[in-house]
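K.L.:
Quick one: structure below, then a few questions.
Protein chains: 2
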Amino acid sequence: MEAFRVIEIKQSVFDNNDRKAGELREELRRGGVFMLNLMSSPGSGKTTTLVRTIEALKGEFAIGILEADIDSDVDARTVALAGARAVQVHTAGMCHLDADMTAQGLEAMGTDGLDIVVLENIGNLICTAEFDTGAAKNAMILSVPEGDDKPLKYPAMFSMADVLLVNKIDAMSFFDFDMEKLVDRVKKLNPGIRIIPISAKTGEGIGEWADWLRAETKKWKQA
Amino acid sequence: MEAFRVIEIKQSVFDNNDRKAGELREELRRGGVFMLNLMSSPGSGKTTTLVRTIEALKGEFAIGILEADIDSDVDARTVALAGARAVQVHTAGMCHLDADMTAQGLEAMGTDGLDIVVLENIGNLICTAEFDTGAAKNAMILSVPEGDDKPLKYPAMFSMADVLLVNKIDAMSFFDFDMEKLVDRVKKLNPGIRIIPISAKTGEGIGEWADWLRAETKKWKQA
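Here the protein sequences come in this chain order: D and S.
So in my numbering, the last spot in the first sequence is 223, and the numbers never skip.
So in my numbering, the last spot in the second sequence is 223, and the numbers never skip.
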């Protein structure tokens with residue numbers, strides 16, 4: 001074994017996104033629209049989870065989906081088929097949405113009459129965690145095949161999420177994934193986070209997740 | 001089903017990274033060092049694949065690993081244990097390495113006596129594809145649980161990779177993953193790409209991958 005060292009490289013500074021995000025959040029609150037910012041790696045099951053969520057809640061709430069993506073429109077197509085109002089937002093290579101970009105997407109979609117908007121953010125555990133989008137709450141999906149060590153590697157995302165969906169639990173026996181270790185690592189970063197194991201494939205846990213979203217939406221509309 | 005629309009958002013322009021990358025590549029060529037830029041999503045198995053690769057080649061080549069990560073040093077620790085010279089590069093939140101950051105990492109590690117350097121890039125299918133790091137070749141890992149639709153969503157990465165490792169093929173029966181569809185989608189973007197199915201867990205395909213890396217390293221050193 002040879003030794004290794006750690007070196008640090010500096011980051012550029014971003015402009016004032018927080019003010020814009022605060023304004024957007026207030027505007028949505030006045031309109032009675034609960035916006036959820038949904039983040040994850042590529043392939044963790046954001047879109048399938050969204051389809052399940054729409055199915056669970058579409059009788060009660062009018063739902064809009066902002067599908068952010070580098071390219072393609074497959075996700076917007078999918079969620080529109082499931083019964084949501086949907087807009088695909090192309091980011092021209094950028095790996096996140098900030099509040100201003102989110103506002104552009106919302107304006108293009110129109111939020112009139114909507115109760116819930118889900119921003120399906122770019123598939124990415126890094127950049128997306130750095131920008132307040134103006135959402136009421138931040139949700140994150142981690143899928144079992146990605147591994148229980150991810151909180152060690154992407155602490156910012158796990159720290160800023162209000163709720164963590166652990167997806168693909170139907171595949172748990174197939175991977176070395178220790179749910180207790182995961183929960184320990186996540187809670188160490190973020191003691192207040194709600195963790196909900198789900199399988200978007202089988203539907204397991206979707207009820208609990210829909211309950212959370214229903215309760216948060218009602219709280220938001222009453223505030 | 002309601003309609004959806006596509007809107008475009010503009011990207012900021014990056015500075016002159018290509019010149020720096022060209023210079024670094026030439027410097028490495030003169031030193032006889034083959035640098036591979038290894039990219040993937042979080043959790044696709046980059047580090048496990050690297051450990052297998054080091055095991056397969058460490059008798060023949062001196063290998064150095066640059067572990068780029070937002071945080072933590074678990075990966076550098078792991079590959080150092082496998083017998084490679086390793087440096088962990090923290091990027092302070094940035095989601096990619098450019099040529100200058102790579103050069104800083106190489107300088108910190110020292111390339112004297114090395115035949116192969118693998119840059120384990122940040123877990124990310126977007127930002128990493130936008131920057132020439134100065135590597136001789138670009139490799140990408142896609143893991144089966146991420147899905148066969150990823151070339152539709154991250155075309156830049158699939159277009160710029162010289163070789164694609166499709167990892168976790170031991171889990172193929174568990175997921176709806178169509179290898180033929182994947183290959184079609186990838187080859188449409190990038191007809192010349194080499195695609196190698198592997199399982200870093202069982203070792204399947206690692207021989208073919210090691211052969212590719214061996215051949216490319218020898219070509220590079222003779223050029």
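Ideal placement from N, C-alpha and C gives every residue a C-beta, glycine not left out.
These numbers were taken from a predicted model, which means no experiment stands behind them.
Report the rounded CA-to-CA distance for D/E23 versus D/Q88, giving the unit in angstroms.
P.N.:
On the first sequence, position 23 is the one that residue 23 of chain D refers to. On the first sequence, position 88 is the one that residue 88 of chain D refers to. Each residue's Cα considered, the two are about 23 Å apart.
K.L.:
Of all the beta strand (DSSP E) runs that stay within the bounds of the stretch 113 to 177 of chain D, which reach a length of 3 or more residues?
P.N.:
Qualifying beta strand (DSSP E) stretches, in chain order: 116 to 123, 137 to 143, 163 to 167.
K.L.:
Just the Cα atoms here: how many angstroms apart are S/P151 and S/D98?
P.N.:
By 1-based counting over the second sequence, the position of residue 151 of chain S is 151. By 1-based counting over the second sequence, the position of residue 98 of chain S is 98. So the alpha carbons of these two residues sit roughly 23 Å apart.
K.L.:
Grab me the residues of S/A200's own chain with a C-beta within less than 8 Å of its C-beta, minus the 5 sequence neighbours each way, in chain order.
P.N.:
On the second sequence, residue 200 of chain S is found 200 positions in, with the first residue counted as 1. Once the five neighbours on either side are set aside, the close Cβ partners of S/A200 are G45, T48, T49, V51, R52, N167, K168, I206.
K.L.:
Under a Cβ-count criterion, where at least 16 other Cβ atoms within 10 Å of its own Cβ denotes burial, should D/G110 be classed as buried or exposed?
P.N.:
Walking along the first sequence from the start, residue 110 of chain D turns up at place 110. Flag for D/G110 reads exposed.
K.L.:
What does the Cβ neighbour count give for D/E180, buried or exposed, with the cut at 16 atoms within 10 Å?
P.N.:
Position 180 of the first sequence, counted from the first residue, corresponds to residue 180 of chain D. With fewer than 16 Cβ atoms within 10 Å of its Cβ, D/E180 is classed as exposed.
K.L.:
Quick one: does S/I122 have its CB under 8 Å from some CB of chain D?
P.N.:
By one-based count along the second sequence, residue 122 of chain S stands at place 122. By the rule that beta-carbons nearer than 8 Å mark a contact, S/I122 touches chain D.
K.L.:
Quick check on the DSSP output: what are the complete alpha helix (DSSP H) runs of length 4 or more inside the stretch 61 to 96 of chain S, in order along the chain?
P.N.:
74 to 81
K.L.:
Under 8 Å between C-beta atoms, does D/L106 make it to chain S?
P.N.:
Residue mapping note: residue 106 of chain D aligns to position 106 of the first sequence, counting from 1. Not closer than 8 Å to any Cβ of chain S, the Cβ of D/L106 fails to qualify, so no.
K.L.:
Count the other CB atoms within 10 Å of the CB of S/K188; is the residue buried (16 or more) or exposed (fewer)?
P.N.:
Residue mapping note: residue 188 of chain S aligns to position 188 of the second sequence, counting from 1. Per the 10 Å Cβ criterion, exposed.
K.L.:
What does DSSP give as the partner residue(s) for D/R194 in the beta ladder?
P.N.:
Here residue 194 of chain D corresponds to residue number 194 of the first sequence, with the count starting at 1. Bridge partners of D/R194: D/V163.
K.L.:
Below 8 Å between beta carbons is the criterion; list the residues of the stretch 148 to 177 of chain S that meet it against any residue of chain D, in chain order.
P.N.:
D149, K150, L152, K153, Y154, P155, A156, K168, A171, F174, F175
K.L.:
Check the DSSP bridge columns for S/M39 and list the partner residues they point to.
P.N.:
As a working note, residue 39 of chain S is residue 39 in the second sequence. In the DSSP output, where bridge partners are listed per residue, S/M39 has S/M140.
K.L.:
Is the separation between the beta-carbon of S/E120 and that of S/L182 shorter than 8 Å?
P.N.:
One-based indexing of the second sequence puts residue 120 of chain S at position 120. One-based indexing of the second sequence puts residue 182 of chain S at position 182. No.
K.L.:
May I ask which residues mark the beginning and end of the alpha helix (DSSP H) holding D/G105?
P.N.:
Numbered from its first residue, the first sequence carries residue 105 of chain D at position 105. Its alpha helix (DSSP H) spans residues 99 to 109.
K.L.:
Between the Cα of D/I116 and the Cα atoms of D/F158, D/T202, D/N16, D/G31, which residue gives the shortest distance?
P.N.:
Numbered from its first residue, the first sequence carries residue 116 of chain D at position 116. When each option's Cα is compared against that of D/I116, the closest is D/G31.
K.L.:
Quick check: the stretch 75 to 91 of chain S against the stretch 128 to 143 of chain S, are there 3 or more CB pairs under 8 Å?
P.N.:
Look at the beta carbons and you see the stretch 75 to 91 of chain S not touching the stretch 128 to 143 of chain S: under three pairs across the two are nearer than 8 Å.
K.L.:
Using a 10 Å radius around the Cβ and a threshold of 16 neighbouring Cβ atoms, would you call S/K20 buried or exposed?
P.N.:
Walking along the second sequence from the start, residue 20 of chain S turns up at place 20. The residue in question, S/K20, is buried, as its Cβ has 16 or more Cβ neighbours within 10 Å.
K.L.:
Do you know how far the Cα of S/H96 is from the Cα of S/G123?
P.N.:
Mapped onto the second sequence, residue 123 of chain S falls at position 123. Mapped onto the second sequence, residue 96 of chain S falls at position 96. Each residue's alpha carbon lies about 9 Å from the other.
K.L.:
Mapping DSSP to helix, strand and coil, what is S/M1?
P.N.:
Here residue 1 of chain S is taken as the residue at index 1 of the second sequence, counted from 1. Residue confidence is low: S/M1 scores 28 on pLDDT, short of 50, so the model does not pin down where it sits. No coordinate-derived value is stated.
K.L.:
Provide the residue span of the alpha helix (DSSP H) that contains D/V33, from first to last.
P.N.:
As a working note, residue 33 of chain D is residue 33 in the first sequence. Looking at the DSSP string, D/V33 is not in any alpha helix (DSSP H), and its letter there is neither H nor E.
K.L.:
What residues in the stretch 23 to 51 of chain S bring their beta carbon closer than 7 Å to a beta carbon of chain D?
P.N.:
S41, P42, G43
K.L.:
Specify, as a first and last residue, the run of the alpha helix (DSSP H) that D/K201 falls within.
P.N.:
Walking along the first sequence from the start, residue 201 of chain D turns up at place 201. Careful: D/K201 lies outside any alpha helix (DSSP H) and carries neither H nor E.
K.L.:
For a test of the three-state rule: what should DSSP assign to D/A21, helix, strand or coil?
P.N.:
As a position in the first sequence, residue 21 of chain D is number 21, starting the count at 1. DSSP places D/A21 in helix when its eight states are reduced to three.
K.L.:
Quick one: residues in its chain with C-beta nearer than 6 Å to the C-beta of S/A156, no 5 flanking neighbours on either side, listed in chain order?
P.N.:
Here residue 156 of chain S corresponds to residue number 156 of the second sequence, with the count starting at 1. A129.
K.L.:
Mapping the DSSP letters down to three states, classify S/K58 as helix, strand or coil.
P.N.:
Position 58 of the second sequence, counted from the first residue, corresponds to residue 58 of chain S. DSSP places S/K58 in coil when its eight states are reduced to three.
K.L.:
Assuming D/V163 contacts D/R194 (C-beta within less than 8 Å), just tell me the rounded distance between them.
P.N.:
Numbered from its first residue, the first sequence carries residue 163 of chain D at position 163. Numbered from its first residue, the first sequence carries residue 194 of chain D at position 194. Indeed, because the Cβ distance is near 4 Å, the residues count as touching under 8 Å.
K.L.:
Are the C-beta of D/D184 and some C-beta of chain S separated by less than 8 Å?
P.N.:
Locating residue 184 of chain D in the first sequence gives position 184, where the first residue counts as 1. Cβ-Cβ to chain S under 8 Å: no for D/D184.
K.L.:
If I'm right that D/L114 touches D/G64 with Cβ under 8 Å, what's the distance once you round it to whole angstroms?
P.N.:
Residue mapping note: residue 114 of chain D aligns to position 114 of the first sequence, counting from 1. Residue mapping note: residue 64 of chain D aligns to position 64 of the first sequence, counting from 1. So it is a contact: roughly 5 Å between Cβ atoms.
K.L.:
Measuring CA to CA, which of D/K218, D/T217, D/T202, D/P197 is closest to D/E208?
P.N.:
Counted from its first residue, the first sequence places residue 208 of chain D at position 208. Closest in alpha carbon position to D/E208, among D/K218, D/T217, D/T202, D/P197, is D/P197.
K.L.:
Counting only the same chain and skipping the five closest in sequence on each side, list residues whose C-beta sits under 8 Å from that of D/L57.
P.N.:
The sequence position of residue 57 of chain D within the first sequence is 57, counting from 1. I63, I116, A210, L213, R214.
K.L.:
Shortest alpha-carbon distance to D/E55 belongs to which of D/F177, D/E216, D/V33, D/G83?
P.N.:
As a working note, residue 55 of chain D is residue 55 in the first sequence. From the listed residues D/F177, D/E216, D/V33, D/G83, the smallest Cα separation to D/E55 is found for D/G83.
K.L.:
When you compare only the Cα positions, how much space is there between D/Q222 and S/D100?
P.N.:
Residue numbering aside, residue 222 of chain D sits at position 222 when the first sequence is read from its first letter. Residue numbering aside, residue 100 of chain S sits at position 100 when the second sequence is read from its first letter. Computed Cα separation, rounded: 51 Å.
K.L.:
Identify which residue in S/D176, S/S173, S/K153, S/E146 has its Cα closest to the Cα of S/L165.
P.N.:
Within the second sequence, the letter at position 165 stands for residue 165 of chain S. For S/L165, the nearest C-alpha among the options comes from S/E146.
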